[in-house]
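Undergrad: For the numbering used here, add 24 to where a residue sits in the sequence shown, where the first one is 1. All residues carry an ideal CB built from backbone N, CA and C; glycine is no exception. Supplied in structure tokens, the structure appears directly below.
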Amino acid sequence: MANSQRIGIIGSGGIAAAHAAAYKKLPDVEIVAVADVIPGKAEQFIAGQQLPEAKAFEDHRKMLELELDGVSICTPNASHHVTAVDALRAGKNVLLEKPMSVTLEEAADMVHASKQTGNMLTIGFQPRYDPNMKVINDIVQSGKLGKVYYVETGGGRRRGMPGGTFIRKDLAGAGAMADIGCYSLDMALNALGYPKPLTVSAYTSNYFGTNPAYHPEASKFEVEDFGVALVRFENDLVLQFKISWAMHMDTLGSTLFLGTDAGLKVNPYGTGNWSGVWDGRVGEMKLFHDFMGQQTETPIPVINSGKDLFFEKVRDFSESVRDGRPAPIPGDQIVIQQAIIDGVLRSSALKREVLIDLPF
Ligand SMILES: NC(=O)c1ccc[n+]([C@@H]2O[C@H](COP(=O)([O-])OP(=O)(O)OC[C@H]3O[C@@H](n4cnc5c(N)ncnc54)[C@H](O)[C@@H]3O)[C@@H](O)[C@H]2O)c1
């Protein structure tokens, strides 16, 4: 297709298929290249996804020699840094899968590369495209809650542990706190306007993942399956962040915003072993406040938009590149939650509170 937007995909595993499906629905967008380090895997992906125009590569650097308007990075977390920086420095705009990186230094380096080159770095948090998130943001930012002083977010899966690359320290970097915790953090922090974190005190464990009774790959399980953290922010705000991939409990509760004038409760969406975490759509929402001197609870109607949130994130990236708009979910914002996750891992290793170092 002449003048169509040219897209490359790095990493052709599970989530790359969702990227390909989304790009294929967009007019004037063409996937022209796919790279995967496993020999033959990119070719297989191209055949399976029916992308006859696409070229296969083993080395992403070779792929980046092509003329491309945008690149989706769908590798395991540990390869996000090298692939994103190489893509940005090769003049490409980047849609990077979550979590942003393994270490804070890597995240900062990516932002630096984006700023230096002027190429877009956007992080793929599709829950942002749920219209209910706009409602939550509007409520929190309207001042209706008064001064927000305490937020609780995250949640718990009773039994929802991934395997493969997700449980290896060298490939994933961290476990549940980063894998699904990054969604909860993003939703809560985005509603709060990404305030500046100061300190964190955290605990993590992996009693379920390392137990063969609960995980088929227990001997390879190297990351945390549970974590809890208290994060202090500027302006007298604290956030309790708790996540589990597995536990003997039905719930770790809802997301709560406590303000001096009202409180907002957001329940996680869905039911079953893999639900219970604020990592996608929102469940019921309720405002707690006093009305005419009476303690009152007002349900907030949940919008069932039927939107494919994943498609919306890919479309937004593609259209932002096409129209020269800024990154929809900019790296220099998400680096803040990466600093929190970095603090969680340092604090749980040291078993004490640590300072959060923001690189910018
Ligand atoms: N947004 C979402 O809903 C969502 C869902 C699942 C996974 N993810 C994220 O997507 C990423 C990938 O997850 P997945 O489930 O697709 O993993 P996966 O293991 O199925 O696939 C990753 C692929 O990347 C390839 N790869 C590794 N290093 C590479 C490199 N340097 N260059 C090229 N290819 C490389 C691997 O060979 C593999 O084929 C992770 O960061 C994960 O957190 C996001």
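1) Could you name each continuous beta strand (DSSP E) segment of 3 residues or more that falls completely within the stretch 279-361, going from the start of the chain to the end?
2) Inspect the CB distances between the stretch 221-239 and the stretch 178-187 and report whether three or more fall short of 8 Å.
3) Relative to the C-alpha of Asn328, which candidate in His313, Tyr293, Phe312 has its C-alpha closest?
4) What do you reckon, are the CB atoms on Pro103 and Phe69 nearer than 8 Å?
5) Given the structure, does Gly35 come close to ligand 1, in the sense that its CB is under 7 Å from one of the ligand's heavy atoms?
6) For Gln73, which of helix, strand or coil comes out of DSSP?
7) Near Pro240, which residues of its chain fall below 8 Å by C-beta distance, leaving aside the five closest residues on each side in sequence?
8) Between Val53 and Gly72, what straight-line distance do the alpha-carbon atoms span, to the nearest angstrom?
9) Specify the secondary structure class of Lys116 as computed by DSSP and reduced to three states.
10) Have a look at Leu216 and Leu263 and give me their C-alpha separation to the nearest angstrom.
11) How many Å lie between Ile393 and Gln361 at the Cα?
12) Which residue spans inside the stretch 93-173 form an unbroken beta strand (DSSP E) run of at least 3?
13) Rounded to a whole number of angstroms, what is the C-alpha to C-alpha distance between Pro383 and Gly330?
14) Measuring only from the beta carbon, is Glu306 closer than 7 Å to any heavy atom that is part of ligand 1?
15) What does the alpha-carbon distance come out to for the pair Met144 and Gly32?
16) If you measure from the CB of Val135, is any heavy atom of ligand 1 nearer than 7 Å?
17) The beta strand (DSSP E) with Ile31 in it runs from where to where?
18) Near Asn291, what residues of its chain come up, given a Cβ to Cβ distance below 6 Å and the 5 sequence neighbours on each side ignored?
19) Is the separation between the beta-carbon of Arg256 and that of Leu222 shorter than 8 Å?
20) Which ranges would you report for the beta strand (DSSP E) in the stretch 187-273 if only whole runs of at least 3 residues count?
21) Is there at least one non-hydrogen atom of ligand 1 closer than 7 Å to the beta-carbon of Val175?
22) Within 10 angstroms of its Cβ, does Gln318 collect 16 or more other Cβ (buried), or is it exposed?
TA: Based on what the coordinates show:
1) 279-283, 286-292, 306-315, 318-324
2) Short answer: they touch.
3) As a first step, residue 328 is located in the sequence shown; it is residue number 304 there, counting from the start. Checking every option, the nearest Cα to that of Asn328 belongs to Tyr293.
4) For this step, residue 103 is matched to residue 79 along the sequence shown. For this step, residue 69 is matched to residue 45 along the sequence shown. This sequence places Ser at residue 103; Pro is not what is there. The answer is no: Cβ separation not under 8 Å.
5) Here residue 35 corresponds to residue number 11 of the sequence shown, with the count starting at 1. Proximity of the beta carbon of Gly35 to ligand 1 is indicated: a heavy atom of the ligand is located closer than 7 Å.
6) Here residue 73 corresponds to residue number 49 of the sequence shown, with the count starting at 1. Three-state DSSP puts Gln73 in coil, outside helix and strand.
7) The count along the sequence shown starts at 1 and reaches residue 240 at position 216. Cβ neighbours of Pro240 beyond the five flanking positions: Gly187.
8) In the sequence shown, the residue the question calls residue 53 occupies position 29. In the sequence shown, the residue the question calls residue 72 occupies position 48. Each residue's alpha carbon lies about 18 Å from the other.
9) Counted from its first residue, the sequence shown places residue 116 at position 92. Three-state DSSP puts Lys116 in coil, outside helix and strand.
10) Taking the sequence shown and counting its residues from 1, the one referred to as residue 216 is at position 192. Taking the sequence shown and counting its residues from 1, the one referred to as residue 263 is at position 239. If you take the alpha carbons of Leu216 and Leu263, they lie about 11 Å apart.
11) Nothing can be reported for residue 393, as the shown portion of the chain is limited to 25 through 384.
12) 94-97, 117-120, 145-147
13) If you number the sequence shown from 1, residue 383 lands on position 359. If you number the sequence shown from 1, residue 330 lands on position 306. Roughly 38 Å separates the two Cα atoms.
14) Against the sequence shown, residue 306 aligns to sequence position 282. Here residue 306 turns out to be Val, not Glu, going by the sequence shown. Not under cutoff, so the answer is no.
15) Position 120 of the sequence shown, counted from the first residue, corresponds to residue 144. Position 8 of the sequence shown, counted from the first residue, corresponds to residue 32. Near 15 Å, if we compare the C-alpha coordinates of Gly32 and Met144.
16) Looking up residue 135 in the sequence shown gives position 111. No, the Cβ of Val135 stays beyond 7 Å of every heavy atom of ligand 1.
17) As a working mapping, residue 31 is identified with position 7 in the sequence shown. Per DSSP, Ile31 belongs to the beta strand (DSSP E) from 29-34.
18) In the sequence shown, the residue the question calls residue 291 occupies position 267. Answer for Asn291: Ser278, Gly307, Glu308, listed in chain order.
19) Position 232 of the sequence shown, counting from 1, holds the residue named residue 256. Position 198 of the sequence shown, counting from 1, holds the residue named residue 222. Yes, they are a contact pair.
20) Here the runs fully enclosed are 221-229, 250-257, 261-268.
21) Here residue 175 refers to the residue found at position 151 when the sequence shown is read from its first residue. Val175: no, Cβ never under 7 Å from ligand 1.
22) For this step, residue 318 is matched to residue 294 along the sequence shown. Within 10 angstroms of the beta-carbon of Gln318 lie fewer than 16 other beta-carbons, which makes it exposed.
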